[in-house]
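Presented below is the structure to which this report refers.
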Amino acid sequence: MSNQKILSELLVKFPFIKVKDVTDFMDTILLIIPINKIVPLSASNSITKRQISLLVKRITEKLNVRVLISYSPFSDKDNIEAALVALARSNFKKGKISDLNLSFFDSQNAVLYVFCKNLTLSEREKWESLVVGILNGFNIKVTSFVYEAKNNPEPTMMVILRAAKKCQPFDLPRLFSQLDNGDYHIESLDWLNGKLDNLRKKGFLLRSHDGTYRMTLSGLEIVPVTKSRQSSDIERVLYLARKHL
């Protein structure tokens, strides 16, 4: 039996529940439930909190997916979410925020689910500030932001050294921009600063008083050199050529 058919059978008693797949999160589904359908005691064309809990449990067991509940109080919810999606696309790199959903407690208070990838702490702070600003116009308060994150691995010491060789001399923001290319997750500038301090203590980097870093001979020697187009030397030549165009 297909997953879609299983889901349809589980929801047959609750035709008012909408199912939303989450972009780039194949193991997660959202159940959107109208607030006015939630009742304290079981009745037709409605649902109780206990029934919601049982429904989530059954779907999770049958389909092996993560189930999130979103409560919807009015029809404008879709338009507000569309405005937030447009806000994300205009302020962040593609794929940083792949989807979102507002879940309301009442008409003025909501939780915002944010489905994201490699979103740094500073980007989260920027995003929350933007959201609060736009939702104030709708008289909606976000009581909490819930981040469902899928992050790439953090860059290894060798990855950091290759990037350092490519763009030296560099400061912290410049190296961050080199590494923030969609392949790796960097939690914050503080995280990267800690890694650079470790590399400096190992004798691979030097830091000037103005915060500029350069590689030492030991640092250059530890970075592998090959004859392929992925050679760290070729990467640096191409970087310098683009920089001076």
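First residue of the sequence shown? That's 1 in the UniProt record's numbering, and the numbers climb one at a time after it. Every residue, glycine too, gets a C-beta built ideally from N, C-alpha and C. Quick caveat: nothing in here was measured; it's all calculated off a predicted structure.
Assuming residue i is part of the alpha helix (DSSP H), what are its boundary residues?
i	result
residue 247	Look at the range of the chain in this structure, 1 to 245, and you will see that residue 247 is not part of it.
residue 176	172-179
residue 80	77-91
residue 166	157-167
residue 5	3-10
residue 41	First-last for residue 41: undefined, no H or E at that position.
residue 129	121-136
By Cβ distance, which residues of its chain are closer than 8 Å to residue i, with the 5 residues on each side in sequence left out?
i	result
residue 27	64, 65, 66
residue 6	62, 63
residue 161	199, 204, 215, 219, 222, 223
residue 182	93, 95, 118, 152
residue 184	118, 152, 153, 154, 155, 159
residue 48	38, 39, 40, 41, 42
Assuming contact is defined by CB atoms lying nearer than 7 Å, are residue i and residue j in contact in what I supplied?
i	j	result
residue 145	residue 128	yes
residue 189	residue 172	yes
residue 8	residue 32	no
residue 159	residue 110	no
residue 88	residue 80	no
residue 10	residue 58	yes
residue 115	residue 22	yes
residue 56	residue 46	no
Residue range of the beta strand (DSSP E) that residue i falls in?
i	result
residue 27	25-34
residue 146	141-149
residue 101	97-104
residue 220	Here residue 220 belongs to no beta strand (DSSP E); instead the alpha helix (DSSP H) covers 217-222.
residue 109	109-116
residue 67	66-72
Which residues in the same chain have their Cβ closer than 6 Å to the Cβ of residue i, if we skip the five residues on either side of it in sequence?
i	result
residue 15	none
residue 73	35, 104, 107
residue 53	none
residue 24	98
residue 178	163, 167
residue 17	11, 31, 33
residue 60	67
residue 3	63
Whose C-beta lies closer than 7 Å to the C-beta of residue i among residues of the same chain, with five residues either side of it excluded?
i	result
residue 198	none
residue 77	102
residue 120	186, 187, 188
residue 132	142
residue 83	134
residue 140	108, 110
residue 208	none
With residue i and residue j assumed to form a contact (beta carbons below 8 Å), what rounded beta-carbon distance in angstroms separates them?
i	j	result
residue 137	residue 117	Rounded, the Cβ-Cβ distance is 28 Å, inconsistent with contact.
residue 205	residue 164	7 Å
residue 247	residue 85	This structure cannot settle anything about residue 247, because the visible part of the chain is limited to 1 through 245.
residue 154	residue 134	Wrong, their Cβ atoms sit about 32 Å apart, outside the cutoff.
residue 169	residue 113	Not a contact, Cβ separation roughly 42 Å.
Can you tell me which residues form a DSSP beta bridge with residue i?
i	result
residue 186	Beta-bridge pairing links residue 186 to no other residue.
residue 18	32
residue 205	215
Would you check whether the ligand SAH has a heavy atom nearer than 6 Å to the C-beta of residue i?
i	result
residue 45	Absence of the ligand SAH from the depicted structure is noted, as is the absence of any ligand whatsoever, leaving it without description.
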